[in-house]
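Okay, structure first, notes after.
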Amino acid sequence: MIETSGLRKSYRSGRRGRTTTVDAVAGLDLHVAEGEIFGLLGPNGAGKTTTLRMLATLLPPDGGAATVAGADLLTRPAEVRRSIGYVAQGGGTWDEVTAREELVLQARMHGLAKAEAQARAAAAVDSFDLAEYADRPCRSYSGGQRRRVDIALGVVHRPAVLFLDEPTSGLDPAARARLWAEVRRLRDAGMTVFLTTHYLDEADALCDRIAIVDGGTLVAEGTPAELKRSIAGEVVTVGVAEPHLAPKAAEVLTAQECVRSAEVRADGALRLSVDTGESAMPQVMRALAGAGIATATIALHRPTLDDVFLARTGRSLEES
Amino acid sequence: MKSLRDTWLVFQRHLLLMARSPLQIFLGVAQPVVYLALFAPLLKPALASMGAGTMADAYRIYVPGMLVALALGGGLYVGFGLLAELGSGVIERARVTPVSRVALLLGRSLRDVVVLAVQAAVIIVLAIPLGLLVRVPDLLLAYLLLALISLTSSAVSYGLALKVGNPDVLGQLVNNLAQPLMLLSGTLLPLALAPLWLRRVSDWNPFSWAVTGMRELFAGHPGDPAVWRSLALMAAVAVAALLWSARRFARTVR
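Chains as they are written, first to last, in UniProt numbering: chain A, 1 to 320; chain B, 1 to 254.
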């Protein structure tokens, strides 16, 4: 549904003669399949929004090629516009008008006739559950209500592809969960959703596939499960009851087939690298018991997308 | 055809927004009304040089100039609204649709013309008891002239707003543009008082011609050559301003 190759965008700053160029997006290859929720995950300044704005025809790319819904982005942006919906990070409604009036206008700007636009607006009010406040001015809405209206505005013309820029930033957990449900519902109805996020849990829980970007380049692409699996196995941490036995325990466990490596951490606990934690844990406990070493604690740590980011960039996403 | 339909769409939306906050229209007319009450009496001696023997004569000369000043000054400030819309995301929402880019400008400028028409009506009605007298056909021509001035000033303001993108810079720019244009059009102080070189400079100001045409209309001389000259000149200026601004819209709001 979306294909990009070598997509580039740089910003020039400074006075003439002394310009510096910053590559916001430095050659990005992305493949987004029809009917999936595709997330662009990365820290602030990674080029997520720039990428999304280019794909949504709002920003002309400096180089590379892209097709969106079968139309060439560089040569036929008008055709792309017919198949896409876009919701900006801050949304965009006039305070004095109602959600219903906004929905009708948006549908009409997409070329629908008045009666058809009104029918679409009514359908959007139903399906996004806006009835309670759809006829009140937008200025009176809560953050979550406003966001649902923004998304309804983005899809009122039933586009094939929907672009969402940081859809849940600033929302409380309940409003966030609700928005995720809306996005899944759109996907289940066949829409392709392309979103940006800097939330690990959002990428993990909501997206079918993700691309991790950093500094305008692709770091990794795949399903969240694939990406996490790409990090060497899982980690089991073991606390032994008598800390002076930790080195001996490490020796015993390294000999076990299910343990790839074992090291003693600074706090005296053992960090074991294993393939699958569930089956390794009983074996670890048996081996330690056989060697006469008492276990105080044992914990399984599954890799997160942050571990993926850390492994590929050397930085933690949560800290950057 | 599509541009016309889209212009109507944008125009309707902005009329609706205006109707929902009508205070803006009347605040815009407050200053001219104050001028009408306080400033015009001061001008009577000055306007005597233009043949104003009575207060009623003074208003007949003063009000048309003030209407031009309102169309020019009011229109030049509409760009601030556009900057606010750019910040709020409503423009971006329009940009991802296939809506005509020219319509985004024209719809707004036509709304500005309607606002001006309402404000002008308020002033004219208030000035009638003071001695202002105008025939309906002449008034219609005066309205046409005002519409052309308003289209020009609002298109210029939108274009400048898109060019500078910053409300502080826009404010300075508009002030620096509006002051000389108004002084050199004789809207507030008659140019008859000005030295010859200043009058020569004002010959290059299209709004000065507009004021002259406007005064002839309110004096009941629609056949005066100043009338058709001002209409033709302002039509040309309005078309140029709209073309320039539409290009800015098409480029910035691709």
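No residue lacks a Cβ here, since even glycine has one placed at the ideal position from N, Cα and C.
Within the model, the alpha-carbon separation for A:A203 versus A:I210 is close to 7 Å. Secondary structure at A:H198: coil, using DSSP grouped into helix, strand and coil. Beyond the five residues adjoining it in sequence on each side, A:Y11 comes within less than 8 Å, by CB distance, of T21, V22 and A24 in the same chain, given in chain order.
By alpha-carbon distance to B:F80, the top candidate from B:G165, B:A37 and B:G28 is B:G165. Secondary structure of A:D165 (DSSP, three-state): strand.
Look at the region 62-73 of chain A: it has no residue with a C-beta under 9 Å from a C-beta of chain B. Chain A has no Cβ within less than 7 Å of the Cβ of B:R108.
Contact between B:L145 and B:A210 holds: CB atoms are separated by about 6 Å, below the 8 Å threshold. Per the C-alpha coordinates, the member of A:I231, A:S273 and A:Y133 positioned closest to A:L305 is A:I231. By the Cβ neighbour-count rule, A:A189 is exposed, with fewer than 16 other Cβ atoms within 10 Å of its own.
Between B:P22 and chain A, the shortest Cβ-Cβ separation is not below 7 Å.
The region 94-105 of chain B makes no contact with the region 146-153 of chain B: fewer than 3 CB pairs, one atom from each, lie closer than 8 Å.
Under the DSSP definition of a beta bridge, A:H31 partners with A:E3.
The continuous alpha helix (DSSP H) containing B:S150 extends over residues V136 to V164. In chain order, V96 make up the part of chain B whose C-beta sits under 7 Å from the C-beta of A:Y86.
Taking 7 Å as the cut-off, the beta carbon of A:V32 is found no closer than this to the beta carbon of A:M54. With respect to B:V63, B:L132 sits close: the two C-beta atoms are nearer than 7 Å. The beta carbons of A:A88 and B:G89 sit closer together than 7 Å. A residue is called buried when at least 16 other Cβ atoms come within 10 angstroms of its Cβ; B:M214 meets this threshold and is buried. The three-state secondary structure of A:V236, taken from DSSP, is strand. In this structure, the beta-carbon distance from A:T57 to A:V80 falls below 7 Å.
Along the region 107-125 of chain A, the positions whose C-beta sits under 8 Å from a C-beta of chain B are R108, M109, H110 and G111, read in chain order. At a beta-carbon threshold of 7 Å, the residues of chain B lying near A:G90 are G89, ordered along the chain. When only Cα atoms are considered, A:A121 and A:A107 end up about 8 Å apart. Counting C-beta atoms within 10 angstroms of its own C-beta, B:M234 has 16 or more neighbours from the protein chains shown and is therefore classed as buried. Taking 8 Å as the upper bound on Cβ-Cβ separation, chain A lies near no residue of the region 197-224 of chain B. In this chain, A:Y133 is not harboured by any beta strand (DSSP E), its DSSP state being neither H nor E. Taking a 10 Å sphere around the C-beta of B:M66, we find 16 or more other C-beta atoms and assign the residue as buried. Chain-order list of chain B residues neighbouring A:V97: R13, L16, L17 and R20, by C-beta distance under 9 Å.
For the region 145-174 of chain A, residues whose beta-carbon sits nearer than 9 Å to a beta-carbon of chain B comprise D150, L153, G154, H157 and F163. The beta-carbon of A:L105 is placed less than 7 Å from the nearest beta-carbon of chain B.
According to DSSP, B:F218 shares a beta bridge with no other residue. Bridge pairing for A:S273: A:V235 and A:S261 [DSSP].
Interface flag for A:A56 against chain B is set, since a Cβ pair is found closer than 7 Å.
Under the three-state reduction of DSSP, A:R76 is assigned to coil, being neither helix nor strand.
Residues of the same chain with a CB within less than 6 Å of the CB of B:A103, apart from the 5 flanking positions on each side, are S3, D6, T7 and V10 in chain order.
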